[in-house]
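Notes follow the structure.
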Ligand code: EPU
């Protein structure tokens, strides 16, 4: 197992290129199962969640060719199974997209229940199941395997998602409905950028999906999807994470290959804290900071609100703000496992219900800490970069699930961070 060793205090400076969006990639890769031909997918991030999905698809009979520079050709014509039950399925959350994709392809799916980041509370999939059931699937879960069976395929249906609009349920139902018989309407659909990206991918391949990006999505099922070429959007959360790191270290970083509109909610909150954020081109922004932060209140909400996937990173910055800030998560109610780790660095935070109350301090001090999930890990890296002294972050496999070469990218901005394995050897990414 690797860990990161960070000597904090260096302002980040320079230019950084953002990779393809993780949460779009993990939906688009299973969507290749719907396509009768070769999909060329570009801007695929080099992260372990993507590796895991590729290995699941290969085990099922798909042929995947690495064309270099983040482009892959995925050909699922050799897939002869409706089952995805291997161990890898339990290691990632997005494996549940195999249910929608296999139902669309075969009218049946036998899929191991998903794993992924553990926020310390349940992550139900009842809204996914409700959608598949409305479309005519019978669902059963036994011994960790979800079986979805239809009588000759899925039928279009009207589905109203309950509660917080679920990203996963919206995507899974879109996948299932793309080749169903008739029209499916998803109401109270999630509106995240990766939902629009999946709809664009499927439409490029011949699907008929309208309304993605609004809260009502209409999917008219088609018989076949053909192959084609598609480039994944850039990662809103990776960009936001580097924005926070630049701000926290009092640096100046130009962040390129971004979609500024997707970052408005993050830029707005950073500006409120006193950070300068300005566009330097159509697809780039500059973040500049003197590291004197005003206290703010942040509430994570579904898009276009402030993303839950950025609340740990902004909480890390607010540990250094002037006064008492609050961070409330209205999407996941238990996403605060990072708080105890920040406390080891001297942070003053307490959690009441869905809200972290953060008393800003002048400094954090380096400490041995552990990442318990992906974004918590990113927050701890940011805290380490801002802190006085040396921070050792364990549990970095979570971070590498969703950040392409985070060590290399931070080092290119001047950060003093290395990745070492158990024996203290520099690991590959730190050596560059
Ligand atoms: N929910 C239900 N029932 C369901 C589905 C969701 O009650 O059937 C609840 C959840 O418990 C949660 C809320 O609805 O309280 C929203 O969950 P959602 O389904 O939107 O989340 P998800 O699909 O499990 C995806 C991302 C997460 C991201 C959330 C919210 C992927 C693979 N995962 O998860 O990404 O936090 O949407 O935007 O796309 C990450 O990238 O670090 C990450 C965790």
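Residue numbers (this note's numbering): 423 to 854.
Cβ coordinates follow ideal geometry from the N, Cα and C atoms, glycine included.
By DSSP, does residue 853 sit in helix, in strand, or in coil? Low per-residue confidence applies at residue 853: pLDDT is 37, beneath 50, and the placement is therefore not dependable enough to give any value.
Three-state secondary structure assigned by DSSP to residue 790: strand
Within the region 689-742, ranges of the alpha helix (DSSP H) (whole runs, at least 4 residues): 733-740
Assign residue 466 to one of two classes, buried (16 or more other C-beta atoms within 10 Å of its C-beta) or exposed (fewer than that). buried
Could you tell me if residue 609 is buried or exposed, where buried requires 16 or more neighbouring beta carbons within 10 angstroms of its beta carbon? exposed
State the beta-bridge partners of residue 603 as determined by DSSP. 577
Any 3 or more C-beta pairs closer than 8 angstroms across the region 826-843 and the region 424-435: yes
In terms of DSSP beta bridges, what is residue 461 paired with? When beta bridges are read from the DSSP output, residue 461 appears opposite 496 and 650.
Are there 16 or more other CB atoms within 10 angstroms of the CB of residue 712, so buried, or fewer, so exposed? exposed
Below 9 angstroms between beta carbons: does that hold for residue 534 and residue 455? no
Identify every residue that forms a DSSP beta bridge with residue 674. 435 and 710
Among 529, 690, 508 and 663, whose alpha-carbon lies nearest the alpha-carbon of residue 800? 663
Given a threshold of 16 other Cβ atoms within 10 Å of its Cβ, counted over all protein chains shown, does residue 434 qualify as buried or as exposed? buried
How should residue 463 be labelled, buried or exposed, when 16 other C-beta atoms within 10 angstroms of its C-beta is the threshold for buried? buried
In three-state DSSP terms, what is residue 877? Residue numbering for the chain in the displayed model covers 423 to 854; residue 877 lies beyond these limits and cannot be assessed.
For residue 772, name the three-state secondary structure that DSSP assigns. Of the three classes helix, strand and coil, the one that applies to residue 772 here is strand, per DSSP.
Say the cut is 8 angstroms; is the CB of residue 720 nearer than that to a heavy atom of the ligand EPU? Result no, Cβ not under 8 angstroms from the ligand EPU.
Assuming residue 683 is part of the beta strand (DSSP E), what are its boundary residues? Counting along the chain, residue 683 falls outside any beta strand (DSSP E), and DSSP gives it neither H nor E.
Nearest-angstrom Cβ-Cβ length linking residue 471 and residue 823, presumed shorter than 8 angstroms: 5 angstroms
Grouping DSSP H, G and I as helix and E and B as strand, with all else coil, what is residue 832? helix
Out of curiosity, what's the CA-to-CA distance linking residue 502 and residue 647? 17 angstroms
Please list, in chain order, all residues of the same chain as residue 697 whose beta carbon is under 7 angstroms from its beta carbon, the five residues on each side excluded. 669, 709 and 711
Find out if the Cβ-Cβ distance for the pair residue 804, residue 579 is shorter than 9 angstroms. No.
Between which residues of its own chain and residue 775 is the CB-CB distance below 6 angstroms, once the five residues before and five after are set aside? none
Could you work out which residue in 642, 731, 798 and 621 is closest to residue 761 when comparing CA atoms only? 798
Between which two residues does the alpha helix (DSSP H) carrying residue 478 extend? 470-482
Look at the alpha carbon of residue 829 and the alpha carbon of residue 837, and state the distance between them as a whole number of angstroms. 9 angstroms
As a quick exercise: from 432, 694, 735 and 807, pick the residue whose alpha carbon is nearest that of residue 778. 735
Kindly examine the ligand EPU and report whether one of its heavy atoms sits closer than 8 angstroms to the Cβ of residue 551. yes
What's the gap between the Cα of residue 576 and the Cα of residue 515? 24 angstroms
Rounded distance between the beta-carbons of residue 444 and residue 469, thought under 8 angstroms: With 8 angstroms as the limit, residue 469 and residue 444 qualify as a contact, their Cβ atoms being about 6 angstroms apart.
Member of 461, 701, 749 and 446 whose CA lies at the smallest distance from the CA of residue 717: 749
If you reduce the DSSP assignment to three classes, tell me which class residue 756 lands in. coil
Looking at C-beta atoms only, is the number of pairs between the region 673-681 and the region 699-708 that lie closer than 8 angstroms three or more? Yes, since at least three Cβ pairs between the region 673-681 and the region 699-708 fall closer than 8 angstroms, the two stretches touch.
Please name the residue, chosen from 612, 430 and 439, that lies closest to residue 680 on a Cα-to-Cα basis. 439
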